[in-house]
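Asker: Quick note on the working numbering: the sequence shown kicks off at 3 and runs consecutively. For every residue, glycine included, the Cβ atom is placed at its ideal position computed from N, Cα and C. Pasting a structure below so you can have a look.
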Amino acid sequence: MVCVVTYSEIEHDMQKLIVWAKDVIAGISEEYWEVKEISSGQELQRYLSAKPLLHLLIYDLCGKRALEYLAQIRMLYPQVMIMLLADASVSPMEYIRPDLQISSLLLRPYEKIQAYDVLHKFLGGYAASLEAEKSGAASFVIETREGRLDIPYEQIYFFEAREKKVYACIGKKEYGFYSSLEKTAETLPDYFARCHRGFIVNTKKIRKIALSQNMIYLCDDYDVPLSRSYKAALKGRGK
Numbered sequence: 003m004v005c006v007v008t009y010s011e012i013e014h015d016m017q018k019l020i021v022w023a024k025d026v027i028a029g030i031s032e033e034y035w036e037v038k039e040i041s042s043g044q045e046l047q048r049y050l051s052a053k054p055l056l057h058l059l060i061y062d063l064c065g066k067r068a069l070e071y072l073a074q075i076r077m078l079y080p081q082v083m084i085m086l087l088a089d090a091s092v093s094p095m096e097y098i099r100p101d102l103q104i105s106s107l108l109l110r111p112y113e114k115i116q117a118y119d120v121l122h123k124f125l126g127g128y129a130a131s132l133e134a135e136k137s138g139a140a141s142f143v144i145e146t147r148e149g150r151l152d153i154p155y156e157q158i159y160f161f162e163a164r165e166k167k168v169y170a171c172i173g174k175k176e177y178g179f180y181s182s183l184e185k186t187a188e189t190l191p192d193y194f195a196r197c198h199r200g201f202i203v204n205t206k207k208i209r210k211i212a213l214s215q216n217m218i219y220l221c222d223d224y225d226v227p228l229s230r231s232y233k234a235a236l237k238g239r240g241k
């Protein structure tokens with residue numbers, strides 16, 4: 003599954019792009035693509051507070067705080083590909099910046115053929131990158147009924163084993179699959195570490211290890227337990 007978020011306060015304009023984007027997707031990929039539509043800054047803030055899975059962003063820069071929100075998203079998701087929709091009311095100097103890393107740009111006013119071309123290059127480029135990463139080097143892969151779900155390792159806080167399944171925890175959302183922590187650990191990059199019989203933690207997300215409390219505190223106010231047998235291995239790991 004590929005997760006795409008669209009944001010615009012001009013709903014009728016974004017609705018056209020969404021229809022065209024879905025048309026492009028149907029012709030370039032057999033994966034299931036989920037498109038989430040957001041039309042206000044408040045809704046965007048609520049959505050991001052849950053640290054959802056996100057692969058691609060189609061973002062309209064027209065809005066009072068649109069540039070501020072975009073910078074926040076880039077900080078939260080450094081690897082997400084961004085397609086920007088903008089017009090002459092905003093200087094290119096505001097968004098053509100190294101820290102924002104814009105992948106594609108569509109300028110108003112535009113014709114349908116222009117939009118299709120930009121969407122095809124943007125979405126098609128990501129679909130091609132998925133095929134090139136069959137080894138799963140940058141993502142953890144879960145096979146679902148809808149298709150293959152690629153979860154970027156950078157978005158995973160921890161894995162938890164419970165109820166005969168393993169769950170990849172992405173902020174407030176989790177994705178379950180049938181396996182064991184032992185088998186899961188064999189497929190992960192070396193910055194993932196076992197910290198408990200029921201948990202594997204992404205050490206890049208560690209904010210603090212409290213040895214006396216047997217707890218690991220992660221970024222964004224998440225935490226996982228730390229077993230005595232794993233304390234020595236976790237010392238000095240994380241930030």
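By the three-class DSSP mapping on this structure, what secondary structure does L19 have?
Answerer: helix
Asker: So, is T205 buried or exposed, given that buried needs 16 or more other C-beta atoms within 10 angstroms?
Answerer: buried
Asker: If you scan the stretch 131 to 211 from start to end, which runs of the beta strand (DSSP E) of 3 or more residues do you find wholly inside it?
Answerer: Within the stretch 131 to 211, the complete beta strand (DSSP E) segments at least 3 residues long are 141 to 146, 149 to 154, 160 to 164, 167 to 172, 175 to 179, 194 to 198, 201 to 204, listed from N- to C-terminus.
Asker: Considering only the alpha carbon of each residue, which of A73, S93, V92 lies closest to I84?
Answerer: A73
Asker: In the DSSP output, which residue or residues are listed as bridge partners for I98?
Answerer: Its beta-bridge partners do not exist; DSSP assigns none.
Asker: Residues in its own chain within less than 7 angstroms of S181 by CB, not counting five upstream and five downstream?
Answerer: Counting only Cβ-Cβ distances below 7 angstroms, and skipping sequence neighbours, we find V168.
Asker: Return the residue from the list P111, A130, F160, A90 that minimises the CA-CA distance to Y2.
Answerer: The question about residue 2 has no answer here: the residues shown for the chain are numbered 3 through 241.
Asker: Within this structure, are the beta carbons of T186 and I202 separated by less than 8 angstroms?
Answerer: Contact flag set, yes.
Asker: From Y155 to V6, what does the alpha carbon distance come to, in whole angstroms?
Answerer: Rounded to whole angstroms, Y155 to V6 spans 17 angstroms at the Cα level.
Asker: Among H14, N216, E11, A23, which has the Cα closest to the Cα of Y128?
Answerer: A23
Asker: Return the CA-CA distance between K175 and I75, expressed in angstroms with no decimal places.
Answerer: 17 angstroms
Asker: Are L63 and L69 closer than 8 angstroms when you measure CB to CB?
Answerer: yes
Asker: Considering E70, what are the terminal residues of the alpha helix (DSSP H) in which it resides?
Answerer: 68 to 78
Asker: What's the gap between the Cα of Q215 and the Cα of D89?
Answerer: 53 angstroms
Asker: Around the C-beta of A195, are 16 or more other C-beta atoms found within 10 angstroms, so that it is buried, or is it exposed?
Answerer: buried
Asker: Relative to the C-alpha of S141, which residue among A28, H14, Q81 is closest?
Answerer: Q81
Asker: Using alpha carbons as the reference points, say which of L190, V226, P191 lies closest to R199.
Answerer: V226
Asker: So, A163 versus L183, is the Cβ gap smaller than 8 angstroms?
Answerer: yes
Asker: Would you give the residue range spanned by the beta strand (DSSP E) that K233 belongs to?
Answerer: Element bounds for K233: not the beta strand (DSSP E) but the alpha helix (DSSP H), 233 to 236.
Asker: Could you check if K233 is buried or exposed, using at least 16 other CB atoms within 10 Å of its CB as the buried criterion?
Answerer: With fewer than 16 other beta carbons inside 10 angstroms of its own, K233 counts as exposed.
Asker: Flag this pair as touching only if the stretch 26 to 39 and the stretch 118 to 125 have three or more C-beta atom pairs under 8 angstroms; answer yes or no.
Answerer: yes
Asker: Using the DSSP secondary-structure output, state which residues sit across from S106 in a beta bridge.
Answerer: M85
Asker: Would you report the Cα separation of E188 and L108, rounded to the nearest angstrom?
Answerer: 42 angstroms
Asker: Which same chain residues end up closer than 6 angstroms to L102 when comparing Cβ atoms and leaving out the 5 residues on each side of it in sequence?
Answerer: Spatial neighbours of L102 in its own chain (CB-CB distance under 6 angstroms, excluding positions within 5 residues in sequence) are listed in chain order as R76.
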